[in-house]
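Numbering (my numbering), first residue to last: 78 to 236.
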Amino acid sequence: MTIFIPKKGTSLYNMYASTQVDDKYYIEEAEGSMLFTQGVAVIFYKYPDYRRAYVVSLHSEKSVVNGTKLPGIKESVDILYRATGRKFDLLKRMVHNMEKRYGKKIYMIKDTFWLRSTSLIEKFNGKESAATAENIEKMIRPYIEQKLYINKIKEAEAE
């Protein structure tokens with residue numbers, strides 16, 4: 078996925094991308110950064126009057142919306158989840174906590190994980206969300222353990 082993030086103040090919106098970055102360049106003429114990524118990306122847009130966030134993937138069979146063009150993203154993407162308002166904040170906090178604990182490798186986890194974890198944000202009763210650190214931990218553990226198991230098998234086969 079190719080993402081262009083404009084320098085703050087040079088566009089109608091500010092943009093932030095949480096993802097597994099393979100390569101990054103600053104383009105002076107365009108006043109922004111070009112990111113080359115893989116896996117899932119969480120894109121946050123801040124406009125003067127509102128905020129919007131998307132969890133996107135290049136190719137997903139389980140997406141909410143297929144083949145959508147979003148500002149700053151070169152390719153058409155499949156939207157796994159969208160958030161505004163309070164859910165924007167909950168998604169941002171959830172992503173921050175997962176990144177802090179597991180690092181950028183979380184963006185390489187299957188789309189089904191992202192669909193399940195963001196569904197917890199939807200279980201918001203006005204006071205709190207079901208997307209607590211404990212619930213996310215329960216959900217992410219099998220994916221992380223499966224990845225570790227696969228890596229051990231690959232290492233054993235290489236020896």
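Quick reminder that beta carbons are idealized off the backbone N, C-alpha and C, glycines included.
Going by the CB atoms, is the gap between residue j and residue i shorter than 7 angstroms?
i, j, result
"methionine 111", "tyrosine 102", "yes"
"valine 119", "valine 98", "no"
"glycine 109", "isoleucine 82", "yes"
"methionine 175", "isoleucine 183", "yes"
"serine 194", "leucine 157", "no"
"aspartate 100", "serine 137", "no"
"isoleucine 150", "isoleucine 104", "no"
"isoleucine 213", "leucine 167", "no"
"methionine 78", "glutamate 152", "yes"
Mind checking which residues open and close the beta strand (DSSP E) that includes residue i?
i, result
"methionine 78", "Methionine 78 -> no beta strand (DSSP E), and no H or E assigned at all."
"glycine 162", "Where glycine 162 is concerned, there is no enclosing beta strand (DSSP E), although the alpha helix (DSSP H) it sits in stretches over 162-179."
"serine 110", "109-123"
"isoleucine 104", "91-104"
"threonine 145", "142-145"
Under the rule that 16 or more other beta-carbon atoms within 10 Å means buried, what is residue i, buried or exposed?
i, result
"tyrosine 220", "buried"
"alanine 160", "buried"
"alanine 94", "buried"
"tyrosine 122", "buried"
"methionine 185", "exposed"
"lysine 177", "exposed"
"lysine 164", "buried"
Would you list the residues sitting across from residue i in a DSSP beta bridge?
i, result
"arginine 129", "Tyr122, Thr161"
"aspartate 188", "Beta-bridge pairing links aspartate 188 to no other residue."
"isoleucine 43", "Residue 43 lies beyond the residue range present for the chain, which begins at 78 and ends at 236; the question has no answer from this structure."
"isoleucine 150", "Ile80"
"serine 134", "Asp155"
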